[in-house]
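Colleague: First, the structure itself, so that you have it in front of you.
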Amino acid sequence: MAVDAVSGSSNMFNELLTTQTSAVPNNSDMSMDDFWQLLAAQLQYQDMSNPMSNSEMMSQMTQMATMNAMTEVSNAVANFAVVTNNLAQVTLTSYSTGLLGKEVTVATLDATGKVNGETKGVVTGVDLTGSQSIYVDGKKYSLSQIMSVGDVPKESDADKDSDTGETVE
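Offset between the sequence shown (1-based) and my numbering: plus 27.
Here is the structure:
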């Protein structure tokens with residue numbers, strides 16, 4: 028079998044490495060393909076009298092595999108965050124639209140945002156744009172202003188302990 032001449036100079040490898048790394052986009056991310064190309068070039072241009080050690084090659088392969096696994100975990104976490112956000116939006120939309128036609132009690136707020144009373148009425152509409160809101164008797168209320176849904180009896184004085192003032196169950 029004929030063997031091509033192998034140069035013992037490391038300049039060929041350095042030139043190839045420079046060429047390879049300059050071809051990599053500016054974001055300095057190295058893919059597994061880039062790693063395999065560099066490893067193949069390293070093996071192709073190595074000095075036969077001083078070959079690359081197996082442990083060094085295995086160390087490099089392990090490091091690349093670890094980096095690849097970390098990238099995949101990072102991508103999975105990012106995807107999970109997107110899925111969680113989408114699920115929260117679906118849940119909130121289902122809750123909001125489920126209030127249509129139901130009687131609710133909403134807190135009314137003053138100009139400073141403090142509760143100054145309450146309004147009871149039937150939900151006639153739901154606004155799903157931006158921060159979701161409901162409409163009760165033509166007025167827009169935030170979902171966070173909902174105090175109760177349905178006919179909830181008010182706490183009467185008969186339900187309280189006369190000595191402590193606490194609710195008796």
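No residue lacks a Cβ here, since even glycine has one placed at the ideal position from N, Cα and C.
In this text the structure is predicted, and so the values were computed from the model without any measurement.
(1) Whole angstroms is fine: what's the gap from asparagine 81's alpha carbon to alanine 115's?
(2) Taking Cβ to Cβ, would you say valine 149 is nearer than 8 Å to valine 163?
(3) Please confirm if the segment 121 to 132 is in contact with the segment 168 to 184, defined as three or more CB-CB distances below 8 Å between the two stretches.
(4) What is the C-beta distance between methionine 85 and phenylalanine 62, in whole angstroms, given that I count them as a contact (C-beta under 8 Å)?
(5) If we ignore side chains and look at the alpha-carbon of each, how far apart do serine 160 and lysine 141 end up?
(6) Could you have a look at methionine 174 and say whether DSSP puts it in helix, strand or coil?
(7) Straight-line CA distance for asparagine 113 to serine 171?
(8) Measure the CB-CB distance between serine 123 and valine 104 and report whether it falls below 8 Å.
(9) Between which two residues does the beta strand (DSSP E) holding tyrosine 162 run?
(10) From lysine 166 to threonine 156, what distance separates their C-alpha atoms?
(11) Leaving out five residues before and five after serine 169 in sequence, what residues of the same chain have Cβ atoms less than 7 Å from its Cβ?
(12) In terms of residue numbering, what span does the beta strand (DSSP E) encompassing alanine 134 cover?
(13) What three-state label does DSSP hand tyrosine 125 in the structure shown?
Modeller: Answer, in terms of the structure:
(1) Within the sequence shown, residue 81 is the residue found at index 54, counting from 1. Within the sequence shown, residue 115 is the residue found at index 88, counting from 1. In this structure, the alpha-carbon of asparagine 81 lies about 51 Å from that of alanine 115.
(2) Counting from one through the sequence shown, the residue named residue 149 turns up at place 122. Counting from one through the sequence shown, the residue named residue 163 turns up at place 136. In contact: valine 149 and valine 163 (Cβ atoms closer than 8 Å).
(3) Because the criterion of three Cβ pairs below 8 Å is met, the segment 121 to 132 and the segment 168 to 184 touch.
(4) Within the sequence shown, numbered from 1, the residue matching residue 85 stands at position 58. Within the sequence shown, numbered from 1, the residue matching residue 62 stands at position 35. Actually they are not in contact, since the Cβ atoms of methionine 85 and phenylalanine 62 sit about 13 Å apart, beyond 8 Å.
(5) Start at 1 with the first residue of the sequence shown, and residue 160 comes out as number 133. Start at 1 with the first residue of the sequence shown, and residue 141 comes out as number 114. So the two alpha carbons sit approximately 18 Å from each other.
(6) Within the sequence shown, residue 174 is the residue found at index 147, counting from 1. DSSP places methionine 174 in strand when its eight states are reduced to three.
(7) In the sequence shown, counting from the first residue as 1, residue 113 sits at position 86. In the sequence shown, counting from the first residue as 1, residue 171 sits at position 144. Straight-line spacing of the CA atoms in asparagine 113 and serine 171 works out to 20 Å.
(8) In the sequence shown, residue 123 corresponds to position 96, counting from 1. In the sequence shown, residue 104 corresponds to position 77, counting from 1. Result no, Cβ atoms of serine 123 and valine 104 do not sit closer than 8 Å.
(9) If you number the sequence shown from 1, residue 162 lands on position 135. Counting along the chain, the beta strand (DSSP E) containing tyrosine 162 begins and ends at 160 to 163.
(10) The count along the sequence shown starts at 1 and reaches residue 166 at position 139. The count along the sequence shown starts at 1 and reaches residue 156 at position 129. For lysine 166 and threonine 156, the distance between alpha carbons rounds to 16 Å.
(11) Looking up residue 169 in the sequence shown gives position 142. For serine 169, where only same-chain residues beyond five positions count, the Cβ hits under 7 Å are Ser158, Ser160.
(12) On the sequence shown, position 107 is the one that residue 134 refers to. Element bounds for alanine 134: 130 to 136.
(13) Against the sequence shown, residue 125 aligns to sequence position 98. The displayed chain sequence assigns glycine, not tyrosine, to residue 125. Three-state DSSP puts glycine 125 in a helix.
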